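Enquirer:
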């Protein structure tokens, strides 16, 4: 019962915050709304007994990504008061509609399975085994990390003024 | 060996405070919430007194000594003064953000204490991911500082907030790497388990990790010599330039609550938390927290504030390489003796620390201090 109530509260705030990200004219407030949305998603993870994922969600999305978004807003002069005007509204609208359609279709078509086993108590051990154990995912994770690093280096090289 | 370990674990668990003490889930929750709020507020008063009197002593002056016996009531007088002051909000400020910022900054500082054990098992929530929770929650504080800096629409506030993000992003890495060394030895992320694993305090097993954590922790919470975000001589008061009255008091409270939080985490991770002979465990915990805080006051009065370029260089060219080496050495040691590290490791690690710090201090000059080009 408690879980259901908390789920609906979290979900409602999450969706309101997500709408705020789109509709708030003030970009800084939109970024703050995004942070609220991330926090609520972390709360949803907790209701699903995924405590490790919730902590990582806050650490990565609130602590790192949002902070960098806000830093970018602070560094940009035009963006601070309201959105800058551009002509990408209609293309963005079309892409967003397509994405929404794909998401809704996937949600409706997927046969959702509900696990019958109770959630694992210490999630960290299970995650570590999947990551570092036999046939674990360490190689894909490392490759992803190296890819991101090379992308960052590339971006710095391209953007650097000589 | 396994049987013996289970026996010891059972013994310790018998002495532990049960997870729903006193009186069920809600009783536990209410009791510990009140205890944590009371603890933080009392300790803030205490450490402000220690800091002001200690700094006075170290700088050959008296410090506040007029209010009450030995100036003990000075924090109370300060609190009343600050609460009675007028609350001024700049006209150009983003009112909502300006108003929310102190709350957003204060909540995480208080929430950290939820997982810190005051005694065996005496904590609000013994999370499996304890220390990860601390790292995650403390990163939310930055958002509060940002909101203050941006919402004030003041150049100095904005500069202070930007310096803050630069510091937090850089120092988070050595901070977390230093924690990982402790977690490797303890074999658990739960803070209570980490304390239980410290038959030898981890400050001896991880001396380099301790210093890295201390330096990076001081930088994270903007304490001198890393207080560039509120450097009075350069940017007035940084992100809280435009704050006054109650809201300024909140930021003042956050500053000291964070300092106590870092001291409590250092106590738990490196100084074997509540463990100690004779005195009751919670008293040991408080004594150790105050000792760590005293060390912070000591560094504050001893070292001059560093420049912004030196701040970055110190993190990336000094702390980060040492943290990586420390992690590598610790991992090798844990691999070599999985049953628990012997006393010999203490001497080895102390030697490694001394050599690394001496070598890297020389090497740091070669890397060009704060210069980007080498």
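Residue numbers (the working numbering), protein chains in the order written: chain A, 235 to 396; chain B, 4 to 377. All residues carry an ideal CB built from backbone N, CA and C; glycine is no exception. Treat the numbers as computed from the prediction; the structure is a model and nothing was measured.
Does the pairing of the segment 146–156 of chain B with the segment 117–136 of chain B give three or more beta-carbon distances under 8 Å?
Expert: Cβ pair count under 8 Å is below three, so no.
Enquirer: Are the segment 175–194 of chain B and the segment 324–333 of chain B in contact at 8 Å, needing three or more beta carbon pairs?
Expert: Enough Cβ pairs lie closer than 8 Å, so yes.
Enquirer: Is it right to say residue 369(A) is buried, meaning 16 or more other beta carbons lie within 10 angstroms of its own, or is it exposed?
Expert: The residue you call residue 369(A) lines up with position 135 of the first chain. It counts as exposed.
Enquirer: Are the C-beta of residue 356(A) and some C-beta of chain B separated by less than 9 Å?
Expert: Here residue 356(A) refers to the residue found at position 122 of the first chain. It does: the Cβ of residue 356(A) has a partner Cβ on chain B nearer than 9 Å.
Enquirer: Who does residue 125(B) pair with in a DSSP beta bridge?
Expert: Translated into the one-based positions of the second chain, residue 125(B) becomes position 122. In the DSSP output, where bridge partners are listed per residue, residue 125(B) has 122(B).
Enquirer: Please state the DSSP three-state secondary structure of residue 143(B).
Expert: By 1-based counting over the second chain, the position of residue 143(B) is 140. It is coil, neither helix nor strand.
Enquirer: Give the interface partners of residue 45(B) over in chain A, defined as CB-CB distance under 9 Å, in chain order.
Expert: As a working note, residue 45(B) is residue 42 in the second chain. Per Cβ cutoff of 9 Å: no residues; residue 45(B) is ~28 Å from chain A at best.
Enquirer: Within 10 angstroms of its Cβ, does residue 342(B) collect 16 or more other Cβ (buried), or is it exposed?
Expert: Indexing the second chain from 1 puts residue 342(B) at position 339. Residue 342(B) comes out exposed.
Enquirer: Following the continuous alpha helix (DSSP H) through residue 323(A), name the residue where it begins and the one where it ends.
Expert: Stepping through the first chain from its first residue, residue 323(A) is reached at position 89. Start and end: 323–343.
Enquirer: Are any of the Cβ atoms in chain B nearer than 9 Å to that of residue 297(A)?
Expert: Translated into positions along the first chain, residue 297(A) becomes position 63. Yes, residue 297(A) counts as interfacial toward chain B.
Enquirer: Just to confirm my understanding: we take residue 43(B), look at its own chain, exclude 5 residues before and 5 after, and list those with CB closer than 7 Å. What are they?
Expert: Translated into the one-based positions of the second chain, residue 43(B) becomes position 40. Contacts found: 113, 116, 260, 263.
Enquirer: So residue 2(B) contacts chain A; which residues on that side make the cut at Cβ distance below 7 Å?
Expert: Any property of residue 2(B) remains undetermined from this structure, which presents chain B solely from 4 to 377.
Enquirer: What are the start and end residues of each continuous beta strand (DSSP E) run of 3 or more residues lying completely inside the segment 215–264 of chain B, in chain order?
Expert: You should have found no qualifying run.
Enquirer: Secondary structure at residue 354(A), three-state DSSP: helix, strand or coil?
Expert: Along the first chain, one-based indexing puts residue 354(A) at 120. Coil.
Enquirer: Look up residue 324(B) in the DSSP assignment and say whether it is helix, strand or coil.
Expert: If you number the second chain from 1, residue 324(B) lands on position 321. In the structure shown, residue 324(B) sits in a helix (DSSP, three-state: H, G or I).
Enquirer: Does DSSP put residue 352(B) in a helix, a strand or coil?
Expert: Within the second chain, the letter at position 349 stands for residue 352(B). In the structure shown, residue 352(B) sits in a helix (DSSP, three-state: H, G or I).
Enquirer: For residue 84(B), count neighbouring Cβ atoms within 10 angstroms of its own Cβ and tell me buried if that reaches 16, exposed if not.
Expert: Counting from 1 along the second chain, the entry for residue 84(B) is found at position 81. Exposed, because fewer than 16 other Cβ atoms sit within 10 Å of the Cβ of residue 84(B).
Enquirer: Where does residue 346(A) fall in DSSP's three states?
Expert: Locating residue 346(A) in the first chain gives position 112, where the first residue counts as 1. Three-state DSSP puts residue 346(A) in coil, outside helix and strand.
Enquirer: Could you give the DSSP three-state label for residue 288(A): helix, strand or coil?
Expert: Within the first chain, residue 288(A) is the residue found at index 54, counting from 1. Reduced to three states, the DSSP call for residue 288(A) is helix.
Enquirer: Please confirm whether residue 261(B) has its beta-carbon closer than 9 Å to some beta-carbon of chain A.
Expert: As a first step, residue 261(B) is located in the second chain; it is residue number 258 there, counting from the start. Judged by the 9 Å Cβ criterion, residue 261(B) is not in contact with chain A.
Enquirer: Is the separation between the beta-carbon of residue 238(A) and that of residue 272(A) shorter than 9 Å?
Expert: Translated into the one-based positions of the first chain, residue 238(A) becomes position 4. Translated into the one-based positions of the first chain, residue 272(A) becomes position 38. Against a cut-off of 9 Å, the Cβ pair of residue 272(A) and residue 238(A) comes out as no contact.
Enquirer: So residue 334(A) contacts chain B; which residues on that side make the cut at Cβ distance below 9 Å?
Expert: Residue mapping note: residue 334(A) aligns to position 100 of the first chain, counting from 1. The premise fails here: residue 334(A) is roughly 29 Å from chain B at the closest Cβ pair, so nothing lies under 9 Å.
Enquirer: Given that a residue counts as buried once 16 or more other Cβ atoms are within 10 Å of its Cβ, and exposed if not, what is residue 377(A)?
Expert: Locating residue 377(A) in the first chain gives position 143, where the first residue counts as 1. With fewer than 16 Cβ atoms within 10 Å of its Cβ, residue 377(A) is classed as exposed.
Enquirer: Would residue 165(B) pass as a contact of residue 302(A) if the rule is Cβ separation under 9 Å?
Expert: Taking the second chain and counting its residues from 1, the one referred to as residue 165(B) is at position 162. Taking the first chain and counting its residues from 1, the one referred to as residue 302(A) is at position 68. No.
Enquirer: For residue 355(A), which residues of its own chain have a beta-carbon under 7 Å away from its beta-carbon, when the five flanking residues on both sides are left out?
Expert: Position 121 of the first chain, counting from 1, holds the residue named residue 355(A). Cβ within range, chain order: n/a, list empty.
Enquirer: Enumerate in chain order the residues of its own chain whose CB-to-CB distance from residue 288(A) is below 8 Å, with the five nearest sequence positions on each side excluded.
Expert: By one-based count along the first chain, residue 288(A) stands at place 54. Within the same chain, residue 288(A) has close Cβ partners 276, 277, 279, 280.
Enquirer: If I follow the unbroken alpha helix (DSSP H) through residue 190(B), where does it start and stop?
Expert: Walking along the second chain from the start, residue 190(B) turns up at place 187. Counting along the chain, residue 190(B) falls outside any alpha helix (DSSP H), and DSSP gives it neither H nor E.
Enquirer: I want to see whether chain B comes within less than 9 Å of residue 239(A), judged by CB atoms only; does it?
Expert: Mapped onto the first chain, residue 239(A) falls at position 5. It does not: the Cβ of residue 239(A) has no partner Cβ on chain B nearer than 9 Å.
Enquirer: In whole angstroms, what separates the C-alpha of residue 51(B) from that of residue 295(B)?
Expert: Along the second chain, one-based indexing puts residue 51(B) at 48. Along the second chain, one-based indexing puts residue 295(B) at 292. Each residue's alpha carbon lies about 14 Å from the other.
Enquirer: Where residue 253(B) and residue 244(B) are concerned, what is the direct C-alpha to C-alpha distance, given to the nearest angstrom?
Expert: If you number the second chain from 1, residue 253(B) lands on position 250. If you number the second chain from 1, residue 244(B) lands on position 241. Computed Cα separation, rounded: 13 Å.
Enquirer: Which residue from 325(B), 109(B), 131(B) puts its Cα closest to that of residue 176(B)?
Expert: Taking the first residue of the second chain as position 1, residue 176(B) is located at position 173. Comparing Cα positions, the closest option is 325(B).
Enquirer: Counting contacts by CB-CB distance shorter than 9 Å, is residue 256(A) in contact with chain B?
Expert: On the first chain, position 22 is the one that residue 256(A) refers to. Residue 256(A) does not count as touching chain B.
Enquirer: For residue 300(A), which of helix, strand or coil comes out of DSSP?
Expert: Numbered from its first residue, the first chain carries residue 300(A) at position 66. Residue 300(A): helix per DSSP, three-state reduction.
Enquirer: Taking 9 Å as the cut-off, decide whether the C-beta atoms of residue 288(B) and residue 316(B) are in contact.
Expert: Counting from 1 along the second chain, the entry for residue 288(B) is found at position 285. Counting from 1 along the second chain, the entry for residue 316(B) is found at position 313. The answer is no: Cβ separation not under 9 Å.
Enquirer: With H, G and I counted as helix, E and B as strand and the rest as coil, what does DSSP make of residue 254(A)?
Expert: Position 20 of the first chain, counted from the start, is the residue given in the question as residue 254(A). In this structure, residue 254(A) counts as helix in the three-state DSSP scheme.
Enquirer: Return the residue from the list 227(B), 356(B), 96(B), 201(B) that minimises the CA-CA distance to residue 298(B).
Expert: Translated into the one-based positions of the second chain, residue 298(B) becomes position 295. Measuring from the Cα of residue 298(B), the nearest candidate turns out to be 227(B).
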